[in-house]
Amino acid sequence: MSSAAAATLPTRRTFTAPLAAGTKRAAAVVCVLAALVGLYELYHWVWVSTGWTHPFVVDDTTMPHIWVILHALWQPAQVNQPALGTILFHKSLFTAKEAAVGFGLGAVIGFAIGVVLVHSRLLTRGFLPYIVASQTIPILAIAPMVVIWVNPKLPAGVQGWGSVAVIAAYLTFFPVAINTLRGLQSADPRALELMRTYAASRWTVLWKLRVPTSLPYVFAALKIAATASVVGAIIGELPSGLQDGLGGAILNFNQYYSIEPQELWATNIVAALLGIIFFVGVVAAEKAIVRRAPETVE
Amino acid sequence: MSESGNVVEIAGVTKTFPQGNVTALENIDLTLRPGEFVSLIGPSGCGKSTLLRVIGDLIEPTRGTVTINGKTARQARADRDYGIVFQDAVLFEWRNVAKNIAVPLELLGWDRAKRKERVRQMLELVELSGFADHHPWQLSGGMQQRVAIARALAFEPALLLMDEPFGALDEMTRERLNLELLSIWAKLGSTVVFVTHSISEAVFLSTRVVVMSPRPGRIAGIVDVDLPAQRSVETREDPRYFELVTEVRELLRSRGEHLLPEEEAALRSSHE
Amino acid sequence: MSGIVVTGISPGMGRRLGQQAREWLPALVVFALAIAAWEGAIAAFHIQQFLLPKPSDIVKSCWEQRHTLWPAGWYTFKEALGGFVIGSLAGMAAATLIGRFKTLGAALMPIAIAANAIPIIAFAPIFNQWFDPLSPNSKMAIAAVLCFLPVMVNTLRGLQSASPRQVELMRSYAASSFTIWRRVRVPTALPYVFTALKVASVLAMIGAVVGEYFGGSYDALGVLIRSKAQILDFTTAWAGILVASLLGIALYAAVVACERLVVRWAPEARDS
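Residue numbers (my numbering), protein chains in the order written: chain L, 31 to 328; chain R, 292 to 563; chain E, 426 to 697.
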């Protein structure tokens with residue numbers, strides 16, 4: 031093919047090319063963010079000035095101005111307290127701790143389930159339907175019970191946030207288990223035969239062939255799981271009565287929404303940032319570990 | 292038909308790709324008469340696939356013109372003058388065999404009954420009559436390629452473009468399909484441009500073999516195949532056949548200094 | 426799953442049923458064992474009833490309180506379904522629009538993927554403020570936003586993953602870009618779309634229930650589960666969870682059934 035032929039020829043690329051691409055991408059992100067802010071404010075302006083009430087009434091309470099939200103981060107939420115931004119920073123560290131522990135726990139458990147299931151069709155048939163069904167349970171609904179049930183069994187140091195981490199782990203394990211199984215199964219049958227000619231043990235086949243093959247799949251799942259663990263941590267905090275994290279903050283500021291809506295908005299933006307940071311962390315880990323075409327699996 | 296009576300007229304075609312600054316084709320002149328079977332052969336990177344795409348108006352030449360039956364290539368494509376077959380069958384996996392063959396007919400706006408009848412004829416032609424309801428994944432590679440050929444021929448295009456259509460098949464399937472293609476060609480009398488990297492296949496099938504050389508892609512020479520029109524298994528044992536194979540090989544080798552070592556190795560093994 | 430599609434020969438009805446039974450038997454055994462272990466553990470370790478009720482009690486409560494549980498479930502299900510339909514349609518429409526412009530799609534894709542990492546559920550209180558928290562619209566909005574991004578990202582990915590050869594083939598027939606979209610891009614995208622719809626179906630139900638946690642009508646399942654858990658009536662709370670799960674599975678199953686109807690060509694059922 032002509033294009034393939036062109037690709038094999040040494041092409042003259044300057045070393046600045048990747049840098050330029052990075053700048054370009056950053057510029058694109060900034061542009062889109064600016065566009066989103068613009069759209070938000072435009073929507074606000076159009077709906078307020080025309081008095082439209084569909085699909086909902088727009089005013090400074092339902093849609094506070096972006097600058098009001100950002101400004102709120104520098105203001106103390108209550109008198110004699112540090113700025114809201116500082117408070118939210120500490121709260122997000124707390125939630126990040128829950129999410130990270132839950133993420134680690136869920137990823138290890140999910141990976142282990144995948145490894146066990148790939149070696150037994152019988153177990154796969156027996157358990158896979160329930161692993162899938164487990165995801166339809168509205169996690170928030172069982173969170174209070176998990177908290178009451180798990181908390182007393184935890185050591186004193188992790189009581190409270192530990193049970194939230196368990197909820198985060200519950201949301202994490204599923205995509206990892208499913209994709210690990212799929213990834214381990216995706217090993218080239220000829221490569222498996224090759225390993226058999228070397229009389230390789232199951233263990234060797236697993237670590238030398240199946241696991242490396244599965245890595246792109248596992249990372250695809252970890253990216254989903256990163257977000258899921260943050261979601262799990264936030265909603266896990268809601269029924270547990272914990273006030274130290276973002277979930278508690280959301281519940282708290284929700285009650286004062288009609289007076290100071292910007293505080294809930296600011297909290298949500300911080301929560302969004304936390305989710306994106308977790309996601310970007312996994313993407314960076316993938317770039318470091320998987321040195322192959324990353325976008326070949328979903 | 293054009294006044295000159297030629298199906299394809301390529302004049303001074305040059306194609307450069309901006310990325311990497313590759314000259315894929317340089318100053319190509321070539322004329323095809325009606326009913327001809329012309330093979331394009333050469334090492335990888337010689338631009339034979341690019342030339343095929345330029346003829347089919349899938350790539351625009353940087354310079355030069357392509358005339359099909361007196362029309363521009365763009366007009367010829369709009370008039371549905373091309374049937375094309377790729378190295379892999381490129382079947383639509385969501386359509387069964389019959390519906391795959393019917394794709395160009397649907398685009399031409401044929402009614403259902405007419406389509407059905409033509410699909411039946413084409414399936415018969417490529418000997419797949421029992422497989423109309425099968426899906427592509429249920430067929431072997433050779434059968435898939437026969438479906439692709441049936442699809443390309445279904446609407447009787449003026450020109451059949453084949454890009455290494457049997458390149459991915461095993462030797463035995465390939466030789467059988469070579470014979471089948473020749474008998475189809477004899478029945479329909481279409482004009483064929485056939486890209487290949489197999490010397491034996493090129494000589495066996497063609498009325499003319501165009502040998503190309505790489506970097507930049509040029510025509511190194513044209514070999515007229517004066518074998519009897521009726522080819523068969525015995526043709527491959529004909530002394531003249533061997534002479535022609537040698538002639539093509541010599542032409543390819545005379546350009547050998549342009550070849551990369553692995554290309555030479557590939558060439559050497561391709562006609563064993 | 427894999428027992429449904431068999432190459433070429435279709436097995437007898439009896440054999441197929443036997444195969445199905447073999448396929449599902451281990452799952453049934455696991456189910457029976459798990460229930461038995463659960464009941465046994467409660468009896469053996471004297472686990473307090475309010476913490477972990479017996480499965481038999483949960484099912485019993487499901488039946489005894491059917492007049493409150495199931496209408497509440499239906500109320501929430503309608504919210505989830507509305508959000509699912511709105512969010513998915515909007516996602517597909519956005520992807521179609523963005524897919525028309527290649528550079529726009531390329532620029533937006535990484536941002537959409539990053540936006541997918543936002544814990545949208547945290548925005549539920551804001552939706553409750555926008556729409557009356559007691560109205561089903563606020564939950565529908567949450568469910569819709571939850572469904573939107575995965576469906577958009579996957580649809581876009583599907584539309585962009587059409588085989589270049591298939592597109593080239595259609596171009597050789599002088600097919601318009603709309604025809605190529607309809608006959609190549611859409612069929613290629615369908616499996617991707619259904620993968621996303623399955624994810625979205627689960628998200629929609631969870632989104633509706635979680636949205637109700639921040640306030641909702643007393644007719645809603647999420648509110649019912651929450652209030653029962655607050656008064657430590659865990660048997661009823663679990664019964665409510667069971668109802669929510671069953672309805673979630675029903676929505677998921679409906680999407681799978683649609684997929685089977687629409688994506689019939691695939692050799693392997695593209696599961697979960």
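We treat Cβ as the ideally placed atom computed from N, Cα and C, and that holds for glycine.
These numbers come from a predicted model, not from an experiment.
| query | Going along chain L, which residues have a C-beta under 8 Å from Ser670/E? | reply | Close to Ser670/E, with beta-carbon spacing below 8 Å, are these residues of chain L in chain order: Ala163, Thr166, Ile167, Pro168.
| Cβ neighbours of Asn282/L in the same chain (closer than 8 Å, five flanking residues each side left out) | Same-chain partners within the cutoff: Gln273.
| task | Could you list which residues in chain R have their beta carbon closer than 9 Å to that of Pro612/E, in chain order? | result | The contacting residues are Phe383, Glu384, Trp385, Arg386.
| query | Does the Cβ of Tyr643/E have 16 or more other Cβ atoms within 10 Å, making it buried, or fewer, making it exposed? | reply | Per the 10 Å Cβ criterion, exposed.
| task | Below 7 Å CB to CB, which residues in the same chain sit around Val609/E once its five sequence neighbours on both sides are set aside? | result | Contacts found: Ala587, Gln591, Val592, Met595.
| field | Residue-level contact to chain R via CB, Arg596/E, 9 Å cutoff | value | Closer than 9 Å to some Cβ of chain R, the Cβ of Arg596/E qualifies, so yes.
| said: Taking the beta carbon of Glu415/R as the centre, do at least 16 other beta carbons fall within 10 Å, making it buried, or is it exposed? | reply: The C-beta of Glu415/R has fewer than 16 other C-beta atoms within 10 Å across all chains shown, which makes the residue exposed.
| message | DSSP three-state label for Tyr500/E, please. | response | Of the three classes helix, strand and coil, the one that applies to Tyr500/E here is helix, per DSSP.
| request: Report yes or no: is there a C-beta of chain E within less than 9 Å of the C-beta of Asn181/L? | output: With a threshold of 9 Å between beta carbons, Asn181/L makes no contact with chain E.
| task | Determine the chain E residues that contact Phe141/L at a beta-carbon separation under 8 Å, and present them in chain order. | result | Here the premise fails: no neighbours, minimum Cβ distance about 17 Å.
| Could one say the Cβ of Tyr500/E lies closer than 9 Å to chain L's Cβ atoms, at least one of them? | By this cut-off, Tyr500/E is not an interface position.
| said: Need the endpoints of the beta strand (DSSP E) that Val304/R sits in, please. | reply: Counting along the chain, Val304/R sits inside the beta strand (DSSP E) bounded by residues 299–308.
| said: I'd like to know if Gln591/E contacts chain R, where contact means its C-beta is closer than 9 Å to some C-beta of that chain. | reply: The Cβ of Gln591/E sits closer than 9 Å to at least one Cβ of chain R.
| Residue environment, Pro561/E, which counts as buried when at least 16 other CB atoms sit within 10 Å | Looking at its Cβ environment, which holds 16 or more other Cβ atoms inside 10 Å, Pro561/E is buried.
| task | Show which residues of chain E have a CB atom less than 8 Å away from the CB atom of Gly156/L. | result | Ordered by position in chain E, the residues that pass the 8 Å Cβ test against Gly156/L are Pro451, Ala452, Val454, Val455.
| query | Ser330/R by DSSP, collapsed to three states: which one? | reply | Strand, per DSSP.
| request: State the beta-bridge partners of Arg232/L as determined by DSSP. | output: Beta-bridge pairing links Arg232/L to no other residue.
| message | Three or more C-beta pairs under 8 Å: does that hold for the segment 633–651 of chain E against the segment 453–466 of chain E? | response | Look at the beta carbons and you see the segment 633–651 of chain E not touching the segment 453–466 of chain E: under three pairs across the two are nearer than 8 Å.
| request: Identify the contact partners of Gly347/R in chain E, using a Cβ-Cβ distance below 7 Å as the criterion. | output: Against chain E, a Cβ distance below 7 Å from Gly347/R picks out Ser597.
| request: Check the Cβ of Arg371/R against every Cβ in chain E and list those closer than 7 Å, keeping chain order. | output: Annotation: Cβ neighbours of Arg371/R in chain E (cutoff 7 Å, chain order): Tyr598, Ala599.
| query | Do Gly355/R and Ala511/R have their C-beta atoms within less than 9 Å of each other? | reply | Against a cut-off of 9 Å, the Cβ pair of Ala511/R and Gly355/R comes out as no contact.
| query | Between the segment 476–495 of chain E and chain R, which residues of the former have CB atoms less than 7 Å from a CB of the latter, in chain order? | reply | Listed by position, the residues of the segment 476–495 of chain E near chain R (Cβ gap below 7 Å) amount to none.
| Glu408/R, buried or exposed, once every other Cβ within 10 Å from all chains shown has been counted against 16 | Its Cβ having fewer than 16 others within 10 Å, Glu408/R is exposed.
| query | When the cut-off is 9 Å and only beta carbons count, does Ile306/L lie next to chain E? | reply | Residue contact check for Ile306/L against chain E: a CB pair falls below 9 Å.
| message | Going by DSSP, what residue range makes up the alpha helix (DSSP H) through Val410/R? | response | According to the DSSP assignment, Val410/R belongs to the alpha helix (DSSP H) that extends over 403–416.
| field | Candidates Ile513/R, Phe485/R, Val438/R, Thr537/R, of which the one nearest Gly326/R by Cα | value | The shortest Cα separation from Gly326/R among Ile513/R, Phe485/R, Val438/R, Thr537/R belongs to Phe485/R.
| request: Output yes or no for whether 9 Å exceeds the beta carbon distance between Ile551/E and Leu294/L. | output: Their beta carbons are under 9 Å apart, which means Ile551/E touches Leu294/L by this criterion.
| query | Would you say Leu533/E faces chain L, with C-beta separation under 9 Å as the test? | reply | Residue-level contact check: Leu533/E touches chain L, since one or more beta carbons of chain L fall below 9 Å from its beta carbon.
| Which word fits Arg509/R, buried or exposed, when buried means at least 16 other C-beta atoms lie within 10 angstroms of its C-beta? | Answer is buried; the Cβ neighbour count reaches 16.
| field | Outcome for Asn312/R when other beta-carbon atoms lying within 10 angstroms are tallied against a minimum of 16 | value | When all chains shown are included, Asn312/R counts as exposed.
| field | Cβ-Cβ distance between Val235/R and Leu451/R below 9 Å | value | Residue numbering for chain R in the displayed model covers 292 to 563; residue 235/R lies beyond these limits and cannot be assessed.
| query | Taking the alpha-carbon positions, what's the Leu460/R to Ile375/R distance? | reply | Straight-line measurement puts the Cα of Ile375/R at about 18 Å from the Cα of Leu460/R.
| Alpha-carbon to alpha-carbon, Tyr677/E and Ile511/E | Approximately 16 Å, taken between the alpha carbons.
| message | Taking CB distances under 9 Å as the criterion, tell me whether Phe377/R reaches chain E. | response | Taking Cβ atoms only, chain E reaches closer than 9 Å to Phe377/R, which makes this a yes.
| Proximity winner among Leu649/E, Phe619/E, Glu637/E, Phe639/E, relative to Val688/E (alpha-carbon distances) | For Val688/E, the nearest C-alpha among the options comes from Phe619/E.
| Partners in chain E for Pro395/R, counting only beta-carbon separations shorter than 8 Å | Here the neighbours are Tyr598.
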